[in-house]
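Chemist:
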Amino acid sequence: MKKRFLSQQSQSPRPEIKLLLGAALLAGAAPAAWAQVVAPGDTLQRQSLNEVVVTANRAATPRNQVPQQIQVISQKDIQQTPAAEFTDVLKKNASVDIVQYPGLLAGVGIRGFRPQTDGLNQRALLLVDGRPAGTSNLATIDLGSVERVEVLKGPASALYGPQAMGGVVNVITRQSRGAIRTSLFAEYGSYQTVKFGGATGGNLTKRLDFDLSAGFFNRGQDYKLGGNGILRRALDASSATQTFADGTTKTVDDARGDNQRRDFTKLKYYAGALRLGYQLSEKWRVDVRGELFRAPTVQAPNDIFYGNLGPSSKDIERGNLDLSATGNYAHHQLFVRGYTSRETSNYNTLADYNNAPVPPYRSYQSQYLWKGLQAKDVITLGRQRLTVGIDHNEATSNSQVFNPDGSNGMPYSPNYALNTTGIYAQGQLSLLADKLVVTPGVRYDLITYNVKQTDLLTDFTPGKKTNPFFSPSLGAQYALTDGLRVHATIGRAYVTPDAFNVAGFSQTAPDSARQVAITQGNANLKNENSVTYDAGLRFGQATSGFSADATFFATRVANRITTRTANPVGETTAEGYVVSSRTTYVNANDSQIRGLEVEVGYDFGALADRRYLLRAFAGGTGIFKAQDVTNNVDGTRTVRDIYNVARLNGNLGVAFDSYQGITARLTGHYVGRRKDTDFTDVNYPQVEYPAYMTVDFSAGYTVAKHHTFSLLVNNLTNENYYEKRGYNLPGRNISGRYTIAF
């Protein structure tokens with residue numbers, strides 16, 4: 001089986017900021033895969049950002065009282081963003097780094113940390129309603145039940161423990177009350193794409209309430225790649241640059257596949273969720289929620305370097321179940337929850353190492369299991385608040401390799417478990433007549449890392465290790481004038497290595513020269529830990545229509561886990577193949593990340609007493625420095641940009657709502673140059689991606705308050721682009737949608 005690798009990226013300063021600002025006249029989006037499964041009452045709310053309530057700090061708080069940097073993707077944003085999956089919604093509405101493949105696989109990175117697509121040891125924590133999401137693959141998050149998404153930027157280990165080093169993506173699902181409301185939609189578009197779904201929710205009885213959602217997506221035809229779009233020409237982005245170990249460089253074509261049909265990109269999946277809530281008494285209620293996601297026979301093309309040779313497929317199934325109880329008292333908000341999740345992926349091989357077709361067989365299975373308990377008490381005394389709680393989470397990773405005859409093969413990495421028990425406290429102190437907000441926090445974790453005995457894998461020593469970790473944090477915000485605030489935070493975070501980092505092994509297929517590349521784990525890896533501080537200015541005033549935020553952040557990571565590749569001379573394998581490159585995992589001596597986040601928006605409707613909305617907005621993250629510094633065995637130091645991290649990424653747009661049934665939105669999504677490893681070259685050179693930009697458009701018209709007709713255009717200028725080089729994403733595609741709400 002071929003193992004796909006993922007690396008990281010960064011850039012040198014370029015005139016990209018000028019282009020992004022110059023393109024600020026562009027803007028827009030269109031509804032998501034089943035973003036229209038919203039109840040009819042969930043129309044645009046005429047409220048300022050200051051009125052948004054966020055829960056990413058584990059207690060409901062007005063957004064303007066949170067010192068941390070938080071981006072909120074509202075239900076309206078989700079409805080108006082063209083998306084085949086959750087990943088598209090996230091990247092087009094929050095300035096984060098993304099790696100995304102055509103076959104339902106994606107990961108996110110925040111504030112200069114590399115995106116990851118699998119494993120238990122993420123540097124950006126993915127949550128659903130404040131609990132582990134039950135997946136590290138963004139592409140499997142069900143859009144149909146999402147109310148909003150909160151992206152907390154900066155370390156959050158003081159709240160959530162491991163993984164929250166770069167930040168947190170918290171998906172908030174619906175909890176409907178009152179009269180039952182229902183929305184149904186059907187959509188048809190390019191590539192014979194059919195989408196339909198619905199959502200309903202409200203009170204069945206005075207005490208019993210519910211939410212039910214379901215959706216189906218089917219792309220019946222392989223998609224077509226974009227071409228030499230106007231934005232690629234403006235960016236001069238038709239080539240990438242390889243850099244080899246000896247320092248030589250080579251320019252390589254990046255216009256591969258222009259306007260071609262990309263074979264093996266059909267896609268089908270469906271998802272559903274059900275929540276039941278019961279009010280036991282005036283003070284106590286219980287909720288149970290289940291969710292299912294299934295994607296059978298997901299087609300996954302090989303790197304475009306190989307043309308249409310060597311595709312694969314996979315079957316994904318994920319299920320979540322949680323049960324919670326909530327108690328509301330005068331000074332206490334009590335909450336307890338138990339949860340369990342399972343995600344299973346079966347990978348099917350369709351071609352051999354030479355990319356020749358073979359009878360399909362299941363070659364690999366990965367399974368992730370989560371279960372845990374959460375308990376907390378939000379204590380309120382006047383204007384002051386203290387949140388205390390305890391979390392226990394058990395996460396397990398199991399994998400199996402299968403031979404063509406169905407027998408077991410040697411796994412790539414051992415099975416392992418990561419068990420965490422943590423206690424935490426977070427304050428919310430309002431001082432000086434509420435002008436000053438201070439949020440001290442602390443968490444103490446006991447982390448048990450258990451590498452298990454694994455059948456057929458004998459080149460490692462199983463064992464269990466428990467480490468304590470102390471994560472303090474402090475945030476503060478001060479109101480300088482009405483609407484203008486200065487804010488700052490500092491916090492510590494950590495993440496453990498995963499099993500492949502520690503004890504994994506993989507070897508590529510031999511090429512025509514009988515050369516192979518080897519990747520092997522390092523049993524001596526230490527936990528990563530980081531300290532991050534940020535500071536900035538924020539403006540938001542309910543009546544002005546103007547909002548803005550500028551935040552500088554800096555992170556220093558000790559023992560950062562990264563890769564080191566060498567090109568050995570004269571080394572051969574037991575089979576007699578020449579080892580052209582050997583990659584292992586090492587702790588970088590020092591990693592530093594510095595950057596600036598900026599958001600700005602203005603609603604021209606404020607000039608007309610908000611009789612309509614005409615909002616221009618832009619936001620982005622610029623990275624000044626994102627580097628790993630590694631001490632080499634010969635005493636020298638190697639400095640390398642962090643891979644898969646754009647020097648600049650952001651979104652901008654214009655949105656219109658007449659409040660009389662007419663809506664329109666135009667948005668642009670920009671991603672600057674990034675660096676990665678080119679695994680199609682046996683020497684594994686570094687490759688720098690060119691920048692790209694895409695533009696989306698949507699418009700809708702509502703008739704008689706219940707019937708909405710929408711036009712959606714994704715990738716308006718037909719760009720040939722990618723998030724992971726070689727795995728290009730669709731060109732321009734158009735769809736029409738009908739929604740009925742009652």
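Going by UniProt numbering, the letters in the sequence shown line up with residues 1 to 742, in that order. C-beta atoms are modelled at their ideal positions from N, C-alpha and C, and glycine is treated no differently.
Considering only residues of the same chain and omitting the five flanking positions on each side of threonine 344, which have a CB-CB separation below 6 angstroms?
Modeler: As a first step, residue 344 is located in the sequence shown; it is residue number 344 there, counting from the start. Taken in chain order, the residues that qualify are Glu317 and Gln367.
Chemist: Report whether the distance from the Cβ of aspartate 77 to the nearest heavy atom of the ligand NAP is below 6 angstroms.
Modeler: This structure simply doesn't include the ligand NAP, nor any ligand for that matter.
Chemist: Using C-beta distances below 6 angstroms, list every residue in its chain close to phenylalanine 264, excluding the 5 sequence neighbours before and after it, in chain order.
Modeler: Position 264 of the sequence shown, counted from the start, is the residue given in the question as residue 264. Cβ within range, chain order: Gln299, Pro301 and Pro311.
Chemist: Taking the alpha carbon of aspartate 303 as the point to measure from, which residue in Val437, Asp97 and Tyr722 has its own alpha carbon closest?
Modeler: The residue you call residue 303 lines up with position 303 of the sequence shown. Out of Val437, Asp97 and Tyr722, Tyr722 has the C-alpha closest to the C-alpha of aspartate 303.
Chemist: Which of the three DSSP states is assigned to valine 52 in this structure?
Modeler: Against the sequence shown, residue 52 aligns to sequence position 52. Three-state DSSP puts valine 52 in coil, outside helix and strand.
Chemist: Suppose contacts are defined by Cβ-Cβ distances below 7 angstroms. Is glutamine 240 in contact with tyrosine 689 by that definition?
Modeler: As a first step, residue 240 must be located in the sequence shown, where it is residue number 240. As a first step, residue 689 must be located in the sequence shown, where it is residue number 689. According to the sequence as given, residue 240 is alanine; it is not glutamine. Yes, the Cβ-Cβ distance between alanine 240 and tyrosine 689 is below 7 angstroms.
Chemist: List the endpoints of the continuous alpha helix (DSSP H) containing alanine 158.
Modeler: Your numbering for residue 158 matches position 158 in the sequence shown. Per DSSP, alanine 158 belongs to the alpha helix (DSSP H) from 157-160.
Chemist: Quick one, are the C-beta atoms of arginine 262 and aspartate 322 less than 7 angstroms apart?
Modeler: Taking the first residue of the sequence shown as position 1, residue 262 is located at position 262. Taking the first residue of the sequence shown as position 1, residue 322 is located at position 322. Not a contact, by the Cβ cut-off of 7 angstroms.
Chemist: Could you tell me the distance, in whole angstroms, from the CA atom of proline 162 to the CA atom of asparagine 559?
Modeler: Along the sequence shown, read from residue 1 onward, the residue named residue 162 stands at position 162. Along the sequence shown, read from residue 1 onward, the residue named residue 559 stands at position 559. Roughly 15 angstroms separates the two Cα atoms.
Chemist: Mark glycine 622 as exposed unless 16 or more other C-beta atoms lie within 10 angstroms of its C-beta, in which case mark it buried.
Modeler: On the sequence shown, position 622 is the one that residue 622 refers to. When all chains shown are included, glycine 622 counts as buried.
Chemist: Please classify threonine 573 as buried or exposed, where buried requires at least 16 other C-beta atoms within 10 Å of its C-beta.
Modeler: Within the sequence shown, numbered from 1, the residue matching residue 573 stands at position 573. The residue is exposed, with fewer than 16 neighbouring Cβ atoms inside 10 Å.
Chemist: What is the DSSP secondary structure of isoleucine 734, counted as helix, strand or coil?
Modeler: By 1-based counting over the sequence shown, the position of residue 734 is 734. Strand, per DSSP.
Chemist: Under 8 angstroms by Cβ, that's how I've got valine 438 and leucine 429 pegged, so tell me the actual separation to the nearest angstrom.
Modeler: Within the sequence shown, the letter at position 438 stands for residue 438. Within the sequence shown, the letter at position 429 stands for residue 429. Indeed, because the Cβ distance is near 4 angstroms, the residues count as touching under 8 angstroms.
Chemist: For leucine 484 and threonine 555, what's the separation of their Cα atoms in angstroms?
Modeler: In the sequence shown, counting from the first residue as 1, residue 484 sits at position 484. In the sequence shown, counting from the first residue as 1, residue 555 sits at position 555. For leucine 484 and threonine 555, the distance between alpha carbons rounds to 26 angstroms.
Chemist: Specify, as a first and last residue, the run of the alpha helix (DSSP H) that arginine 233 falls within.
Modeler: By one-based count along the sequence shown, residue 233 stands at place 233. Looking at the DSSP string, the run of the alpha helix (DSSP H) that includes arginine 233 is 230-235.
Chemist: Report yes if the CB atom of glutamine 80 is closer than 7 angstroms to the CB atom of serine 698, and no otherwise.
Modeler: Within the sequence shown, numbered from 1, the residue matching residue 80 stands at position 80. Within the sequence shown, numbered from 1, the residue matching residue 698 stands at position 698. In this structure, serine 698 lies closer than 7 angstroms to glutamine 80 by Cβ.
Chemist: Leaving aside the five residues before and after phenylalanine 460 along the sequence, list all residues of the same chain whose C-beta is less than 8 angstroms from its C-beta, in chain order.
Modeler: Stepping through the sequence shown from its first residue, residue 460 is reached at position 460. The answer, listed in chain order, is Pro414, Val451, Val502, Ala503, Gly521 and Ala523.
Chemist: How would you label alanine 59, buried or exposed, when you count the other beta carbons within 10 angstroms and need 16 or more for buried?
Modeler: One-based indexing of the sequence shown puts residue 59 at position 59. Flag for alanine 59 reads buried.
Chemist: I'd like the span of the beta strand (DSSP E) that includes leucine 90, first residue to last.
Modeler: Counting from one through the sequence shown, the residue named residue 90 turns up at place 90. First-last for leucine 90: 86-93, but that is the alpha helix (DSSP H), not the beta strand (DSSP E).
Chemist: Please specify which runs of the beta strand (DSSP E), each continuous and at least 3 residues long, are wholly inside the region 220-272, giving them in chain order.
Modeler: Whole beta strand (DSSP E) segments, 3+ residues: 239-243 and 249-253.
Chemist: Could you check what DSSP says for serine 145 in three-state terms: helix, strand or coil?
Modeler: If you number the sequence shown from 1, residue 145 lands on position 145. Helix at serine 145.
Chemist: Mind checking whether proline 82 and asparagine 714 have CB atoms under 7 angstroms apart?
Modeler: The residue you call residue 82 lines up with position 82 of the sequence shown. The residue you call residue 714 lines up with position 714 of the sequence shown. Going by C-beta atoms, proline 82 is nearer than 7 angstroms to asparagine 714.
Chemist: Let's see if you can read the secondary structure: which residues bound the beta strand (DSSP E) around isoleucine 316?
Modeler: By one-based count along the sequence shown, residue 316 stands at place 316. Looking at the DSSP string, the run of the beta strand (DSSP E) that includes isoleucine 316 is 312-328.
Chemist: Using 10 angstroms around the beta-carbon of arginine 383, count the other beta-carbons present and answer buried if the total reaches 16, otherwise exposed.
Modeler: Position 383 of the sequence shown holds residue 383. Arginine 383 should be labelled exposed.
Chemist: Using a Cβ distance threshold of 8 angstroms, determine whether the region 177-187 contacts the region 120-133, with at least three qualifying pairs required.
Modeler: No contact exists between the region 177-187 and the region 120-133.
Chemist: So, at 6 angstroms on beta carbons, what are the nonlocal neighbours of alanine 550 in its own chain, with the 5 sequence-adjacent residues on each side left out?
Modeler: Start at 1 with the first residue of the sequence shown, and residue 550 comes out as number 550. Gly536, Leu537 and Val598.
Chemist: According to the Cβ coordinates, are glycine 226 and glycine 595 closer than 7 angstroms?
Modeler: For the purposes of this step, residue 226 is taken as the residue at position 226 of the sequence shown. For the purposes of this step, residue 595 is taken as the residue at position 595 of the sequence shown. Going by C-beta atoms, glycine 226 is not nearer than 7 angstroms to glycine 595.
Chemist: Taking 7 angstroms as the threshold (C-beta atoms), are serine 324 and aspartate 287 in contact?
Modeler: Within the sequence shown, numbered from 1, the residue matching residue 287 stands at position 287. Within the sequence shown, numbered from 1, the residue matching residue 324 stands at position 324. Their beta carbons are under 7 angstroms apart, which means aspartate 287 touches serine 324 by this criterion.
Chemist: Is the region 144-159 close to the region 462-476, with three or more CB pairs under 8 angstroms?
Modeler: Contact holds: three or more Cβ-Cβ distances are below 8 angstroms.
Chemist: So what does DSSP say about threonine 621, is it helix, strand or coil?
Modeler: What you label residue 621 is simply residue 621 of the sequence shown in a count that begins at 1. Correct three-state label for threonine 621: strand.
Chemist: What span of residues does the beta strand (DSSP E) with phenylalanine 679 cover, start to end?
Modeler: As a position in the sequence shown, residue 679 is number 679, starting the count at 1. That residue, phenylalanine 679, is in no beta strand (DSSP E); it is neither H nor E in DSSP.
Chemist: Taking the continuous beta strand (DSSP E) assigned at glutamine 75, which residues delimit it?
Modeler: Here the question's residue 75 lines up with position 75 in the sequence shown. Here glutamine 75 belongs to no beta strand (DSSP E); instead the alpha helix (DSSP H) covers 75-79.
Chemist: Do you know whose CA, among Val149, Tyr188, Phe185 and Ser183, lies nearest proline 170's CA?
Modeler: In the sequence shown, residue 170 corresponds to position 170, counting from 1. This sequence places asparagine at residue 170; proline is not what is there. Taking only the C-alpha atoms, the option nearest asparagine 170 is Val149.
Chemist: Could you give the DSSP three-state label for leucine 537: helix, strand or coil?
Modeler: Counted from its first residue, the sequence shown places residue 537 at position 537. Correct three-state label for leucine 537: strand.
Chemist: Below 8 angstroms on the Cβ atoms is my contact criterion, and I expect glycine 166 with alanine 124 to pass it. Report the Cβ-Cβ distance as a whole number of Å.
Modeler: As a first step, residue 166 is located in the sequence shown; it is residue number 166 there, counting from the start. As a first step, residue 124 is located in the sequence shown; it is residue number 124 there, counting from the start. Contact flag correct, Cβ pair sits at about 5 angstroms.
Chemist: Where leucine 381 and alanine 56 are concerned, what is the direct C-alpha to C-alpha distance, given to the nearest angstrom?
Modeler: Against the sequence shown, residue 381 aligns to sequence position 381. Against the sequence shown, residue 56 aligns to sequence position 56. Distance between the alpha carbons of leucine 381 and alanine 56 is about 21 angstroms.
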